[in-house]
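If you read the sequences in order, they're chains G and Z. Numbering follows the numbering used here, in which position 59 of the first sequence is assigned residue number 59; successive positions increment by one, without gaps. Numbering follows the numbering used here, in which position 74 of the second sequence is assigned residue number 1074; successive positions increment by one, without gaps.
There are 2 protein chains.
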Amino acid sequence: MEKRKKIINVGLIGLGTVGTGVARILLKKRRTILQNTGLDFRLKKVCVRHLKKRRPISLKGIEVTDQPKKLTQDASLQQIIELIGGLGPAERIIREALENDKDVISANKALFAERGVGIYQVSKRTRNYIGLEAAVCGGIPVIQGIKEGLASSRIDQFYGILNGTCNYILSQMSKFKTSYQDALEAAQKKGYAEQDPTLDVNGSDTAHKLAILARLAFKLEIDYKAIHCEGIEGITAEDIQYASEMGYSIKLLAIAKRHSAKSIELRVHPALLDGKHLLANIAGVNNGVLIHGDETGEVLFYGKGAGEKPTASAVVSDMISIALLSQSGIMANEAIYGKAKISKISSVESRYYLRFQCANRSGVMGSLTRSLGRQGISLSSVKQPEVQHAKSAPVVILTHKTREDKLRRALKKIQSSKGIKGKPVILRIEGREDSAV
Amino acid sequence: MEKRKKIINVGLIGLGTVGTGVARILLKKRRTILQNTGLDFRLKKVCVRHLKKRRPISLKGIEVTDQPKKLTQDASLQQIIELIGGLGPAERIIREALENDKDVISANKALFAERGVGIYQVSKRTRNYIGLEAAVCGGIPVIQGIKEGLASSRIDQFYGILNGTCNYILSQMSKFKTSYQDALEAAQKKGYAEQDPTLDVNGSDTAHKLAILARLAFKLEIDYKAIHCEGIEGITAEDIQYASEMGYSIKLLAIAKRHSAKSIELRVHPALLDGKHLLANIAGVNNGVLIHGDETGEVLFYGKGAGEKPTASAVVSDMISIALLSQSGIMANEAIYGKAKISKISSVESRYYLRFQCANRSGVMGSLTRSLGRQGISLSSVKQPEVQHAKSAPVVILTHKTREDKLRRALKKIQSSKGIKGKPVILRIEGREDSAV
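Following this line, the structure appears as C-alpha cells:
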C-alpha cells in the first residue's frame, strides 16, 4: 500500500558510538525502512570532530566535514541528527538547525532537561519538530507510546527505571551480595559504567530523563533543578539484604505523580520496591517505565535502555515519526500548558525504611520509637537482629506513610541522642500499600 | 507547536461495550485529543442494531441509524470504526467503507485473521488504511510499537500472552491450587470469561491475534488455518503444581519465530515457562508481548488486554495514527512480501514436559525411558513422587530439545505398552535453555 515514496535528506552530527550506529542503520537498512514506512532516508552529510580518524564504517559518497554549519545551513537537508551530547555547542547547533527550518532528532537528555524551555520556544516559532525518543530508554518506544498510544489518556503517574548503569550495579549487589564499590568496578569492566560514573550513580541522568518524560506526559514546563534527586552511592549490601528478607528490591526510581492540573511530584531516589511490583524484576542494564493512564490503566514499556544498537534504532524510529508528522503538518504534540508546580520534597508523603546503629543498652530503642511517635509517625515493622558481644546493633524500622518534614524533625531529635551511632540510613518504600494508617 | 488543526469526521458502527467506550472518549475527550495531537475528531454518525435501545451515553447531535450504508456511503466521513465483530456483515461493511475511500479502524481479530487477505487487497487498491491496534492486546500500543518503534529492526521472534481470560484462569489455578473448572467459573463470575468461553480457552482467540501480529512483524501473508493451536482445557492443578516445583509457570503462549525470509513458525499452546522469564510474571487478565528485534534487542509491551476503557483507548490511538498517516500519504506499513511458509508442528523442535500414570510394578519406568531413548530423545529430569499402596503412580519427565514427530512416535509406542494408564499429559517447555544436548 505504498502510496508514494518520500525522500528525506539527513545530516548527522557526531559519529561516536550511537552516531556510528545510526549511520550503519541508514546505510545498511535503507531498503528495509523504505519498505516498512515508505520513507527513503538519505544520509547526505556527516559532521565529525576529527576528520582523519579511522571509522568502523565506510562513508563513501557522503560528505564528511568538521563544520556543523555546513549541515545546519544546507537547504537540501530536512533532518539534523545531533549526537555530540553536552550543553554548549549542541545547543547552538540545534538552534541553528531549527532556525534553518530543519527538524531535529537528538539523544541529548542533559541539554533538553536543563535548557529545553528555550529550545522549544525556537522550535515553536520556526514550526519544526524535535525528536527525543533516543534520549530516554534507548530502544524502548516510550515517548511514542505516550504521544500516540496514550493520547486519549490523562497520565496520572509513572514510575521508571531509567538508568541501566545504576540498575546493573544494584542487581549485581543483590545477586552476589557484593559491595557498591565492587559492583561499580564490575560494571566498569563490562563497559556498563563510565570511568567517571558520577552522572549515572548520583541520579542526574535519571533526573534528566524524568524531566523529559514529565514534560511530555503532563504537558507542563519542567524546572529540572526542582527535581529532588538522590543517587545510589550510599546503598550497602547490608540494606539490600535486609530489604530482600522483607520481600523488597532496592531500585533507583524516577517517580512522577500528578496532583492537579499543574501541580506535580517529581523525584529520583533509591527505594525499597515491593518484590511483586512489575519494575522490581527488571534486572541488569534493562530499563522499564510503568505508566498509568486514566483510559489505558497500567502500561509497561521494557527493554534495553542503552547500547549502540537500541539507541541508534530509537534515533531512526524518531526520524520516521518526525518525517511522518512533518509531512502531515498537523502535530500539536509539543503543546505545553504552563509551568509545573513541583512539590517540595519536604511535603511529599512516603513510607520509609530506616536503619540505625544503636548502642547495646537499655532505653535506646524506646527513645528512638518515642521520637518517631511524637511526630505522629507510626511504625509498621521493627527489627533488631541478635548481635552477640557487640557494643552496638542495627535496628531496622519500616514506617507507615508520613510527610518527609515530619520524618526529618524526628531524625534530627534522634541523631542528637546519645545511643545512636553515626548517620542513619533513610530509604523510601514504594509499591506496597500501607496495611494500617 | 500546533501547526494547524485538522478535522476528521467519524462514523461508528456498533455500540456495544467498546463502541460505547469509543463514543465516550470522542465526546468527552475531544479537546484533550485536539491538544495532544492537533486532530479534531467529530463523531458524526453512529450505526446500531436496535434504534430504540436505551444507551448509557447521550448521543445528542449525532445521527443514529441502523443502516451501515448511511455511514459507509457518506462522502463527508473520513474514518469508519467497525466494532460489531463477527465475520459476515462486518466484512461487507469494511469492504464498502474502503470502496468509498474511507480509512477503517476495527477491533475484529477473527475477521482479519481469517479473511484479512481479501480485505487488504481492497485497501491496497483503494489506497486506504486499516487500523487494528484494538484487535490485539487492548490498551497496549504493540502494533504501533512494531510499525514505528521497531521499524528499522528485523523482527526475529516474539512471544505473547494475548488472551486475558486464559491468563486469568491459569493464574487462579496456580495461586489457589483450584481446578480448571473452578477457575473458569470464577472468571465467568468476574466477567472475565464469556458464558460460552470456547473461543478463548481453546486458543482460537490467541491464534487470531498471533496471525495479525505475525503478518505485521514478518510482512508476510498468514494462513490462519496453518497455525498450530491448543487450548488450556486440559491443564490440571496437578501439572501446575509439578511445574511450579521445578520453577515453571504454565501459560498459554503465542509463539512466532522467523527461520528465513519467508519460512516461519507460528503456534499457540499452553507451555511450561521458566519462572524467571519476563512473561512468567504476567498475572491475571493482563497481556504482554516480548519482541526481539535485531536492532532493539528484547522489548516488552505489557498492560490490560481487554476491557472497555483500554480497548476503546486503543481504537482512538489508532484513529490518531491513521489520521496522521492518511494526511502524510506516504505510509507503506501494510506492504506484504509474499506468503508465509508456516512450519508443520511435526517438524518443530521443543523441550517437553510429560506426565504418565504408570502401573506400580517393576520394568514400567525402564520401558518408558527406553521408548524415548530409541527416538533419540534425551531426558533432563525424571521424577516419580512416592505414592503408598497405590496401583499406579505419576511419572513426570522433562526432555531435552527434540522434534515433535520423534516424540509422537515414542508416545505411540509408550501408550500401547501395558504399564501406562490413560493418556499422558504433554506440554512444551519454553524460556529455559537446554543444559545439555
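The beta carbon of each residue, even a glycine, is placed where N, CA and C say it ideally should be.
Nearest-angstrom Cα separation, counted from residue j out to residue i
{"i": "Gly275 (chain G)", "j": "Ala1187 (chain Z)", "result": "26 Å"}
{"i": "Ile1155 (chain Z)", "j": "Gly1419 (chain Z)", "result": "46 Å"}
{"i": "Lys209 (chain G)", "j": "Val285 (chain G)", "result": "16 Å"}
{"i": "Ile320 (chain G)", "j": "Gly247 (chain G)", "result": "43 Å"}
{"i": "Gly431 (chain G)", "j": "Leu1325 (chain Z)", "result": "39 Å"}
{"i": "His1259 (chain Z)", "j": "Pro1385 (chain Z)", "result": "39 Å"}
{"i": "Ser1174 (chain Z)", "j": "Ala1237 (chain Z)", "result": "7 Å"}
{"i": "Met1398 (chain Z)", "j": "Leu1026 (chain Z)", "result": "This sequence places Leu at residue 1398 (chain Z); Met is not what is there. Those two C-alpha atoms are separated by around 52 Å."}
{"i": "Leu411 (chain G)", "j": "Ala393 (chain G)", "result": "18 Å"}
{"i": "Ile169 (chain G)", "j": "Arg408 (chain G)", "result": "28 Å"}
{"i": "Arg1361 (chain Z)", "j": "His1269 (chain Z)", "result": "33 Å"}
{"i": "Glu1308 (chain Z)", "j": "Thr1017 (chain Z)", "result": "6 Å"}
{"i": "Lys1401 (chain Z)", "j": "Ile1426 (chain Z)", "result": "14 Å"}
{"i": "Phe41 (chain G)", "j": "Phe1158 (chain Z)", "result": "27 Å"}
{"i": "Arg1215 (chain Z)", "j": "Glu1221 (chain Z)", "result": "6 Å"}
{"i": "Lys1262 (chain Z)", "j": "Ala1340 (chain Z)", "result": "5 Å"}
{"i": "Phe1356 (chain Z)", "j": "Pro1197 (chain Z)", "result": "29 Å"}
{"i": "Ile1291 (chain Z)", "j": "Asn167 (chain G)", "result": "22 Å"}
{"i": "Asp1101 (chain Z)", "j": "Glu1091 (chain Z)", "result": "16 Å"}
{"i": "Lys1029 (chain Z)", "j": "Gln144 (chain G)", "result": "20 Å"}
{"i": "Lys421 (chain G)", "j": "Asp405 (chain G)", "result": "22 Å"}
{"i": "Cys1358 (chain Z)", "j": "Gly1366 (chain Z)", "result": "11 Å"}
{"i": "Lys69 (chain G)", "j": "Val1136 (chain Z)", "result": "46 Å"}
{"i": "Leu354 (chain G)", "j": "Gln1241 (chain Z)", "result": "38 Å"}
{"i": "Gly149 (chain G)", "j": "Lys1383 (chain Z)", "result": "47 Å"}
{"i": "Gly1011 (chain Z)", "j": "Tyr1120 (chain Z)", "result": "20 Å"}
Proximal chain Z residues relative to residue i, where beta-carbon distance stays under 8 Å
{"i": "Gly297 (chain G)", "result": "Gly1139, Gly1303, Lys1304, Gly1307, Lys1309 and Pro1310"}
{"i": "Thr17 (chain G)", "result": "Those do not exist, as Thr17 (chain G) stays about 14 Å from chain Z at its closest Cβ, beyond 8 Å."}
Status (buried if at least 16 other CB within 10 Å, exposed otherwise) for residue i
{"i": "Asp1239 (chain Z)", "result": "buried"}
{"i": "Ala436 (chain G)", "result": "The pLDDT assigned to Ala436 (chain G) is 42, lower than 50, so where the model puts this residue is not dependable, and the model offers no usable value."}
{"i": "Ile13 (chain G)", "result": "buried"}
{"i": "Gly1019 (chain Z)", "result": "buried"}
{"i": "Gln327 (chain G)", "result": "buried"}
{"i": "Ser347 (chain G)", "result": "exposed"}
{"i": "Tyr337 (chain G)", "result": "exposed"}
{"i": "Val1046 (chain Z)", "result": "buried"}
{"i": "Ile7 (chain G)", "result": "exposed"}
{"i": "Val289 (chain G)", "result": "buried"}
{"i": "Ala134 (chain G)", "result": "buried"}
Chain G contact residues for residue i, given Cβ-Cβ distances below 8 Å
{"i": "Ile1222 (chain Z)", "result": "Under the 8 Å cutoff, chain G gives no residues; its nearest Cβ is about 17 Å from Ile1222 (chain Z)."}
{"i": "Leu1071 (chain Z)", "result": "Those within 8 Å of Leu1071 (chain Z) in chain G number zero; the least Cβ separation is about 22 Å."}
{"i": "Leu1253 (chain Z)", "result": "The premise fails here: Leu1253 (chain Z) is roughly 18 Å from chain G at the closest Cβ pair, so nothing lies under 8 Å."}
{"i": "Leu1266 (chain Z)", "result": "The contacting residues do not exist; Leu1266 (chain Z) stays about 20 Å from chain G at best."}
{"i": "Leu1210 (chain Z)", "result": "Within 8 Å Cβ-Cβ: nothing; Leu1210 (chain Z) doesn't reach chain G, min ~20 Å."}
7 Å Cβ cut-off: residues of chain G touching residue i
{"i": "Ser1174 (chain Z)", "result": "Those within 7 Å of Ser1174 (chain Z) in chain G number zero; the least Cβ separation is about 14 Å."}
{"i": "Leu1184 (chain Z)", "result": "What Leu1184 (chain Z) touches in chain G: nothing, since even the nearest Cβ is about 24 Å away."}
{"i": "Leu1132 (chain Z)", "result": "Going along chain G, no residue has its Cβ under 7 Å from Leu1132 (chain Z), so there is no contact; the nearest lies around 14 Å."}
Cβ-heavy atom distance, residue i to the ligand COA, below 7 Å
{"i": "Lys28 (chain G)", "result": "For the ligand COA, the structure offers nothing, since it holds no ligand at all."}
9 Å Cβ cut-off: residues of chain Z touching residue i
{"i": "Asn281 (chain G)", "result": "Lys1276, Leu1278 and Asn1281"}
{"i": "Leu199 (chain G)", "result": "The premise fails here: Leu199 (chain G) is roughly 23 Å from chain Z at the closest Cβ pair, so nothing lies under 9 Å."}
{"i": "Leu51 (chain G)", "result": "Under the 9 Å cutoff, chain Z gives no residues; its nearest Cβ is about 28 Å from Leu51 (chain G)."}
Neighbouring residues, chain Z, relative to residue i (Cβ below 7 Å)
{"i": "Leu213 (chain G)", "result": "Correct list: empty, because the minimum Cβ distance to chain Z is about 15 Å."}
{"i": "Leu273 (chain G)", "result": "In chain order: nothing, as chain Z lies at least about 14 Å away."}
{"i": "Leu354 (chain G)", "result": "Near Leu354 (chain G) there are no residues of chain Z at all, since even the closest Cβ is about 30 Å away, more than 7 Å."}
Can you list, in chain order, the residues of the segment 139-171 of chain G whose Cβ is nearer than 8 Å to any Cβ on chain Z?
-> Gly139, Ile140, Pro141, Gln144, Gly145, Lys147, Glu148, Gly149, Leu150, Ala151, Ser152, Ser153 and Arg154
For the segment 9-42 of chain G, enumerate the residues whose C-beta is nearer than 9 Å to any C-beta of chain Z, in chain order.
-> Gly21, Ile25, Leu26, Lys29, Thr32, Ile33, Leu34, Gln35, Asn36, Thr37, Gly38 and Leu39
When Cβ atoms are compared, which residues of the segment 314-331 of chain G fall closer than 7 Å to chain Z?
-> Val316, Ser317, Ile320, Ser321, Leu324, Leu325, Gln327, Ser328, Gly329, Ile330 and Met331
Segment contact flag, the segment 247-259 of chain G with the segment 159-166 of chain G, C-beta cutoff 8 Å, min 3 pairs | yes
Taking a Cβ distance cut-off of 9 Å, strictly less, list which residues of the segment 1363-1390 of chain Z are near chain G, in chain order.
-> none
Listed in chain order, which residues of the segment 409-428 of chain G have Cβ atoms closer than 8 Å to some Cβ of chain Z?
-> none
Could you list the residues in the segment 1078-1090 of chain Z with a C-beta less than 8 Å from some C-beta on chain G, going in chain order?
-> none
What residues in the segment 87-120 of chain G have a beta carbon less than 9 Å from any beta carbon of chain Z?
-> Tyr120
Does the segment 140-155 of chain G come close enough to the segment 1114-1125 of chain Z that 3 or more CB-CB pairs lie under 8 Å?
-> no
The segment 296-314 of chain G contacting the segment 1293-1305 of chain Z, beta-carbon criterion three pairs below 8 Å | yes
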